[in-house]
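Going by the numbering used here, the sequence shown opens with residue 282, and the numbers climb by one from there.
Here is the structure we will look at, set down as structure tokens.
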Amino acid sequence: MSASKISTFTGDQWSFQTPSRAHKIEPNVELEKRNEGVEFLQNLSHQLRLRYTTLYTAVVYFHFFYFRRSLVVHPDVFDVAASCLYLATKVQENRRRLQDIVETSYFLKRTTMSKADGHDKGEEINPESNKIAVPQSEQYTMHWTQIVNKETILLQTLEFRFDHPVLFDYLPPILKHWHDVTYRNGMNLRFCEQFKKKTKR
Numbered sequence: 282m283s284a285s286k287i288s289t290f291t292g293d294q295w296s297f298q299t300p301s302r303a304h305k306i307e308p309n310v311e312l313e314k315r316n317e318g319v320e321f322l323q324n325l326s327h328q329l330r331l332r333y334t335t336l337y338t339a340v341v342y343f344h345f346f347y348f349r350r351s352l353v354v355h356p357d358v359f360d361v362a363a364s365c366l367y368l369a370t371k372v373q374e375n376r377r378r379l380q381d382i383v384e385t386s387y388f389l390k391r392t393t394m395s396k397a398d399g400h401d402k403g404e405e406i407n408p409e410s411n412k413i414a415v416p417q418s419e420q421y422t423m424h425w426t427q428i429v430n431k432e433t434i435l436l437q438t439l440e441f442r443f444d445h446p447v448l449f450d451y452l453p454p455i456l457k458h459w460h461d462v463t464y465r466n467g468m469n470l471r472f473c474e475q476f477k478k479k480t481k482r
């Protein structure tokens, strides 16, 4: 896969200069839909027991997708989120079968939409296998197809550039810096205490 990095954008660019705004979608509506997608990604990643690096990669892909694509054209943030996570599992070498992602995301999508409609019910759980009993319905087949199709659009949107900075890239130098500062402060404090004891004698 390409090692080219994804372009970086400022906060204003991420938030305001988007195709959705060009289609007259209100800023708070777009941000709410993005939040729904990220929350869905978190729940889906947790259910699939993926690494945090995989989750954060999927979140970056998700936001990048809607920076270049409109919610008017791609209104289903759940399908887009599932596609982003599927691609992230391959990029981060944290693979899951497409079937696992489709089944789990289908269950979470139905559950999330049911709660939003005021109904707290999801798909049935098979107590013997402890797996989601997903019916082979037309909706399920459509969900599978949408994830595959959205992945193709996602690849085009990313321009096949998969490398990007994530939170973990910045944590080691930050933690090292604060560790060094704390260590120096601790040594200075010990020296000051010893100096005070000597001056009091």
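Heads up, the beta-carbon is just placed ideally off N, CA and C, and yes, glycines get one too.
{"query": "Compute the Euclidean distance between the alpha carbons of Leu325 and Leu331, then round it to the nearest angstrom.", "result": "9 Å"}
{"query": "Please classify Thr223: is it buried, with 16 or more other beta-carbons within 10 angstroms of its beta-carbon, or exposed?", "result": "Summary: the structure shown does not reach residue 223, with the chain confined to residues 282 through 482, and so no result is reported for it."}
{"query": "Can you tell me which of the three DSSP states Asp444 falls into?", "result": "strand"}
{"query": "For Arg315, which residues of its own chain have a beta-carbon under 8 Å away from its beta-carbon, when the five flanking residues on both sides are left out?", "result": "Phe343, His344, Tyr347 and Val358"}
{"query": "Is the segment 423-443 touching the segment 361-379 in the sense that three or more CB pairs, one from each, lie closer than 8 Å?", "result": "yes"}
{"query": "Considering only the beta carbon of each residue, do Val340 and Leu329 sit closer than 9 Å?", "result": "no"}
{"query": "Locate the alpha helix (DSSP H) running through Asp360, then write down its first and last residues.", "result": "Val358 to Val372"}
{"query": "Taking the beta carbon of Thr299 as the centre, do at least 16 other beta carbons fall within 10 Å, making it buried, or is it exposed?", "result": "buried"}
{"query": "Please confirm whether Leu352 and Glu384 have their CB atoms less than 9 Å apart.", "result": "no"}
{"query": "In terms of residue numbering, what span does the alpha helix (DSSP H) encompassing Asn309 cover?", "result": "Pro308 to Leu329"}
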